[in-house]
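To keep things clear, I will list the structure first and then write my remarks on it.
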Amino acid sequence: RLHALPHDPTDCPAPDDPLPEPLPESFPATWSTEQRSAALLHAAAHARDRRRPALGVALLQQAGPGDDPGFRLLTADLYRLAVELG
Numbered sequence: 030r031l032h033a034l035p036h037d038p039t040d041c042p043a044p045d046d047p048l049p050e051p052l053p054e055s056f057p058a059t060w061s062t063e064q065r066s067a068a069l070l071h072a073a074a075h076a077r078d079r080r081r082p083a084l085g086v087a088l089l090q091q092a093g094p095g096d097d098p099g100f101r102l103l104t105a106d107l108y109r110l111a112v113e114l115g
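Our numbering puts the first residue of the sequence shown at 30, with every later residue one more than the last.
Given below as structure tokens:
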């Protein structure tokens, strides 16, 4: 579940609870690369939940390449959603 990643310092009480609008444009400089990547994946999952696939894909691209099954599944889900929404 991308709402509970090990390195993610983002506060998210539950998957159905939205992140603040707008999504953060940057993260604190003190966050590690792993923390930033986890937070970007988390934000991309919320973008998917909000039916905003272009935003989700952009966030994933910022997170960098990922071969984790959750990363690949979210990427595929965002592209599927983009096709469905036209």
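For glycine and all other residues, C-beta sits at the position ideal for the given N, C-alpha and C. Predicted model, so just to flag it, every value in this text is computed and none were measured.
Inset, instruction - Kindly give me the distance between the Cβ atoms of Ala-111 and Leu-88, rounded to whole angstroms, as I take these residues to be in contact under 8 Å. - result: Reading the sequence shown from its first residue, position 82 is the one you call residue 111. Reading the sequence shown from its first residue, position 59 is the one you call residue 88. With 8 Å as the limit, Ala-111 and Leu-88 do not qualify as a contact, their Cβ atoms being about 14 Å apart.
Legend entry - Extent of the continuous alpha helix (DSSP H) to which Pro-82 belongs: Your numbering for residue 82 matches position 53 in the sequence shown. Run containing Pro-82: 82 to 92, per the alpha helix (DSSP H) assignment.
Legend entry - Cβ pair Gly-93, Ser-66 closer than 8 Å: Your numbering for residue 93 matches position 64 in the sequence shown. Your numbering for residue 66 matches position 37 in the sequence shown. Cβ atoms of Gly-93 and Ser-66: closer than 8 Å.
Inset, instruction - Throw me the rounded Cβ distance for the Leu-103 and Arg-77 pair, which I believe falls under 8 Å. - result: In the sequence shown, counting from the first residue as 1, residue 103 sits at position 74. In the sequence shown, counting from the first residue as 1, residue 77 sits at position 48. Indeed, because the Cβ distance is near 7 Å, the residues count as touching under 8 Å.
Legend entry - Own chain partners of Asp-97 with C-beta closer than 6 Å, once the 5 adjacent residues on each side are dropped: The residue labelled residue 97 in the question sits at position 68 within the sequence shown. Result list for Asp-97: empty, nothing under 6 Å.
Inset, instruction - Taking Arg-109 as the reference, give the member of Gly-95, Gly-85 and Gln-90 with the closest Cα. - result: In the sequence shown, residue 109 corresponds to position 80, counting from 1. Nearest C-alpha to Arg-109: Gly-85.
Legend entry - Spatial distance of Arg-81 from Glu-63 (CA atoms): Mapped onto the sequence shown, residue 81 falls at position 52. Mapped onto the sequence shown, residue 63 falls at position 34. Approximately 24 Å between the Cα atoms of the pair.
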